[in-house]
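Just so it is clear: in the sequence shown, position 208 is 207 by numbering that gives the first Met the number 0, and no numbers are missing. Worksheet: the structure to be examined is printed underneath.
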Amino acid sequence: MKRGIPPKADGGTPPSLLRFSTANPDKTTRQKATLSLLPFLFLFAIPSLSLLPHASACLLSLLLLLLALGLFQNGKALTHLPSSLWLLGGFFLLGALSPLLLLEDASALLPLLCFLAALLPFLLPHSPTALLRLYGLLGGVLGVFALLSLLTGGGAQGFIDASHSYAAFGRSAVFFGNPNLLAAFLLPSVPGNLFALSKEAGRWRLLFLLSLLFSLLGLALTLCRGAWLAAALGALLFLSLRQKSLFPFALALSLLPAFFIVMPAAFTERLLAILRGDSSVSYRLTLWRSLLSLPPSFYLLGVGEGKRAFIRFLLPHLAAGLERVEHTHSVFLHLLITEGIGGLLTLLYTCAKALLSPLPLAERETALALRCALLSLLLFGLSDDLLYATQTGVIFCWLLGVNLSLQSSLPSFFPSFFFFRRRPAKEKGRSR
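Take a look at the structure:
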């Protein structure tokens, strides 16, 4: 037996990287195992499809093809969808109908089509453990490309103030063309690599360690401050909750002064620019103040999805200097403005249900890492609209669906944030 790969408790074969259950030779089981590979191929296709001229159309066409296969194979699974997903999908549908019919704006359908990615875990069941591992490896690969892009002079120049000393180098935006999109796509790879490091040994452990380092390097080279904060909080939360200790947070705070000393000057300058209120910060604050000062009627039913609805209804009410605004730079303000207060509350309830429900006992650490990945995206979504771009919208909705698919059947809904666990039936019987 190879060292570092423990056998299963039942004496079967050792776990593989993908961990698919294919021991049953039944034909139906083999077909399901084959279909379960498709979501992972879709995950790796997202960066490459982003290079194509019609990236959103190609990506959504592939998503719809996967969903059609899932409906053909496992259509009955739709009857078991959480009610919150049905309600959230209904709001996206209502938000798309009005601009589509009245303004003839096909872009109003994009958030609704991105939301369909939340159905993938139900229609095409796939291993959440494998999803974390493969996402972690993909993040490491993208980190390598991000480094090579900057070294060869391929940094994006249009997303940074010319007054900064690092403006000549730009920000890494490899594959996606926008550094914030690359940063959002890399965020879930950090909990994925940390989870894999906690499970693997030997050569696999070294591979995931390198993948983690390159994922973090890729995030650093995007110079996206919101993503830096979201990645740090997501990683520390995973380590703290896994160990049930606040030591990782205490260690990070104690090392923070040394971190600023050894950090390259460009990163320090980028962080401190927040205190000076650079153009990125002042632009967002001005936009949010304008959006929050709109007439109350805008918040009741929303103005609908798409650029035409945004320009027609919102631009006349925005402050001076915001004539070129195309989105809200916040996923929460996006739902409030486009779908109204009902859409925002439904999103908050669905995300809270995905994050706060009791952990399933059988896959506790897997669910914990997936929740931290989703939380990282939500933290990033405070300052950037995840639904504005198809790539980030698909990943966000997919992770939301994965977390909901792992929910325990316990209906309890308290702010325990992972610590309450479902008791076995025998213990319940004794307590009664």
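Idealized CB from N, CA, C, for every residue including glycine.
### Same chain, Cβ closer than 7 Å to residue 122, neighbours up to 5 away in sequence not counted
66, 69, 70, 73, 76
### Task
Determine the burial state of residue 400: buried for a count of at least 16 other Cβ atoms within 10 Å of its Cβ, exposed for fewer.
buried
### Task
Give the C-beta separation of residue 125 and residue 35 to the nearest angstrom, bearing in mind that I take them to be a contact with Cβ-Cβ under 8 Å.
4 Å
### Query
With 16 as the cutoff for other CB atoms within 10 Å, does residue 178 come out buried or exposed?
Burial call: buried.
### Message
Taking only three categories from DSSP, how would you classify residue 155?
### Response
Strand at residue 155.
### Message
Could you compute how far the alpha carbon of residue 154 sits from the alpha carbon of residue 48?
### Response
20 Å
### Task
Starting from residue 391, follow the alpha helix (DSSP H) in both directions and report where the run begins and ends.
389–404
### Task
Label residue 148 either buried or exposed according to how many other C-beta atoms from any shown protein chain fall within 10 Å of its C-beta, with 16 as the threshold for buried.
buried
### Task
Can you grab the Cα-Cα spacing for the pair residue 412 / residue 367, in whole Å?
In this prediction, residue 412 has a pLDDT of 36, which is less than 50 and means its spatial position is unreliable; nothing more can be read from the coordinates.
### Query
Is the segment 100–115 close to the segment 296–312, with three or more CB pairs under 8 Å?
yes
### Query
Grouping DSSP H, G and I as helix and E and B as strand, with all else coil, what is residue 283?
helix
### Nonlocal neighbours in the same chain, by C-beta distance under 7 Å from residue 290, ignoring five residues either side
327, 332, 336
### Task
Measuring alpha carbon to alpha carbon, tell me which of 396, 238, 40, 341 ends up nearest residue 134.
Comparing Cα-Cα distances from residue 134 to each of 396, 238, 40, 341, the minimum goes to 40.
### Task
Would you identify the three-state DSSP class for residue 241, choosing helix, strand or coil?
Helix at residue 241.
### Message
So, at 7 Å on beta carbons, what are the nonlocal neighbours of residue 343 in its own chain, with the 5 sequence-adjacent residues on each side left out?
### Response
331, 334, 335
### residue 156 burial status per 10 Å Cβ neighbour count (16 or more: buried)
exposed
### Query
How long is the line joining the alpha carbons of residue 296 and residue 304, rounded to whole angstroms?
16 Å
#### Entry: Whole alpha helix (DSSP H) elements within the segment 298–339, 4-residue minimum
306–312, 330–337
### Query
When DSSP builds the beta bridges, which residues end up paired with residue 170?
155
### Task
Taking only the alpha-carbon atoms, compute the straight-line gap between residue 32 and residue 365 and give it to the nearest angstrom.
With a pLDDT of only 43 at residue 32, under the threshold of 50, the placement of this residue in the model should not be trusted; the figure read from the coordinates follows. Using only the alpha carbons, I get a separation of about 19 Å.
### Neighbour-count burial assignment, residue 323, 16 or more Cβ in a 10 Å radius
exposed
### Query
Thinking C-beta only, is residue 139 closer than 7 Å to residue 197?
no
### Task
Report the option in 234, 106, 195, 115 whose CA atom is closest to the CA atom of residue 85.
115
### Query
Within this structure, are the beta carbons of residue 192 and residue 171 separated by less than 7 Å?
no
### Task
Count the other C-beta atoms from every protein chain shown that fall within 10 angstroms of the C-beta of residue 383, then say buried if there are 16 or more, exposed otherwise.
buried
### Query
Near residue 111, what residues of its chain come up, given a Cβ to Cβ distance below 8 Å and the 5 sequence neighbours on each side ignored?
88, 91, 92, 94, 95, 304
### Task
Output yes or no for whether 7 Å exceeds the beta carbon distance between residue 352 and residue 83.
yes
### Query
Can you tell me the Cα-Cα spacing of residue 370 and residue 293, whole angstroms?
34 Å
#### Entry: For residue 141 and residue 46, believed in contact at Cβ under 8 Å, the rounded distance
6 Å
### Message
Going by DSSP in three states, residue 200 sits in which element: helix, strand or coil?
### Response
coil
### Query
Over what stretch of residues does the alpha helix (DSSP H) that includes residue 134 continue unbroken?
Unbroken alpha helix (DSSP H) run through residue 134: 127–150.
#### Entry: Residues near residue 241 in its chain [Cβ-Cβ closer than 8 Å; skip 5 each side]
197, 364, 367
### Query
residue 281: buried (16+ other C-beta within 10 angstroms of its C-beta) or exposed?
exposed
### Task
Return the CA-CA distance between residue 285 and residue 321, expressed in angstroms with no decimal places.
8 Å
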